[in-house]
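Taking it in order: structure first as C-alpha cells, then the write-up.
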C-alpha cells in the first residue's frame, strides 16, 4: 500500500532524503513553537498599566500577576518553551540519523503532554481575557479594556502567540506520527 515493493515482500517507504526533509521540517516547526511560546510568556509577564484616579497619588494598576490565571499562563508557556529547546537535540539527531524510532515515540509522548499544558494555560487565560473585554454584569465584573487598553492589547497578543504554538505542536505530533507510520 503506497510503498515500493522490494525482494521478499519488504517495502521501502521513502528515501533517506525524504526522512531528512521531514526531520528538518520537525526542527523548523520546533523553532517556530519556541519563538511563539517564549514571546507569549515575555509579553504576558511584562504586561502592566497604571491609570491615575483623581490625583497622581491614587492610581489604578493592572498587572498580569494580579490574576493567578495569567501567572499559570506564563509558567505554562515557559515550561513548554524550555521543553522545546531541550527537544531540539532529538530533532537534530533525527536529521542526522533518520531511523531513530524510539526517540520519535518519546517525542510524541512529551509533545502531547506539552500540548495539554499549553492548551490549559492558553484556554484559562482566554477566559479571563474575554471577561476583561466583555465583562459579566451578573457577577459585577466590569469590562476593563476601555480603561486599560494597552494592558488588554498585550494580553490578547500573547494569547495569539500561545494558540499559534498550540497549532504548531499539533502539527509536530502529526508529523512525528506520520513519520513513524512510514516505517
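In the numbering used here, the protein residues as written are 1268 to 1450.
In this text, a Cβ means the ideal position worked out from N, Cα and C, and glycines have one as well.
Quick check on residue i: does DSSP put it in helix, strand or coil?
{"i": "residue 1403", "result": "strand"}
Between residue i and residue j, what straight-line distance do the alpha-carbon atoms span, to the nearest angstrom?
{"i": "residue 1283", "j": "residue 1362", "result": "10 Å"}
{"i": "residue 1446", "j": "residue 1440", "result": "10 Å"}
{"i": "residue 1294", "j": "residue 1405", "result": "48 Å"}
{"i": "residue 1400", "j": "residue 1420", "result": "10 Å"}
{"i": "residue 1331", "j": "residue 1358", "result": "34 Å"}
{"i": "residue 1371", "j": "residue 1349", "result": "18 Å"}
{"i": "residue 1353", "j": "residue 1297", "result": "10 Å"}
{"i": "residue 1368", "j": "residue 1415", "result": "50 Å"}
{"i": "residue 1286", "j": "residue 1365", "result": "6 Å"}
{"i": "residue 1418", "j": "residue 1302", "result": "21 Å"}
{"i": "residue 1299", "j": "residue 1412", "result": "30 Å"}
{"i": "residue 1314", "j": "residue 1444", "result": "38 Å"}
{"i": "residue 1276", "j": "residue 1290", "result": "Caution applies to residue 1276, whose pLDDT of 46 falls short of 50 and renders its modelled position unreliable; the model cannot decide the point."}
{"i": "residue 1337", "j": "residue 1427", "result": "14 Å"}
{"i": "residue 1356", "j": "residue 1381", "result": "17 Å"}
{"i": "residue 1383", "j": "residue 1306", "result": "19 Å"}
{"i": "residue 1351", "j": "residue 1410", "result": "36 Å"}
{"i": "residue 1288", "j": "residue 1377", "result": "22 Å"}
Apart from the five residues just before and just after residue i, which ones in its own chain have a Cβ nearer than 7 Å to its Cβ?
{"i": "residue 1423", "result": "1396"}
{"i": "residue 1274", "result": "With a pLDDT of 46 at residue 1274, under the threshold of 50, the modelled position of that residue is not reliable, and the figure given next carries that caveat. Excluding sequence neighbours, residue 1274 sits near nothing in its chain."}
{"i": "residue 1339", "result": "1388 and 1391"}
{"i": "residue 1334", "result": "1395"}
{"i": "residue 1393", "result": "1426"}
{"i": "residue 1360", "result": "1367 and 1370"}
In its own chain, which residues sit with a C-beta less than 8 Å from the C-beta of residue i, not counting the 5 before and 5 after it?
{"i": "residue 1385", "result": "1304, 1343, 1344, 1347, 1429, 1432, 1433 and 1436"}
{"i": "residue 1379", "result": "1440"}
{"i": "residue 1373", "result": "1357"}
{"i": "residue 1268", "result": "In this prediction, residue 1268 scores a pLDDT of 42, lower than 50, which makes its location untrustworthy; no coordinate-derived value is stated."}
In its own chain, which residues sit with a C-beta less than 6 Å from the C-beta of residue i, not counting the 5 before and 5 after it?
{"i": "residue 1408", "result": "1398 and 1402"}
{"i": "residue 1308", "result": "1341, 1344 and 1345"}
Determine the extent of the alpha helix (DSSP H) in which residue i is found, giving its start and end residues.
{"i": "residue 1431", "result": "1416-1448"}
{"i": "residue 1362", "result": "1335-1363"}
Less than 6 Å between the CB of residue i and some heavy atom of the ligand GTP, yes or no?
{"i": "residue 1401", "result": "Summarising the ligand content, the structure contains no ligands, and the ligand GTP is consequently not present."}
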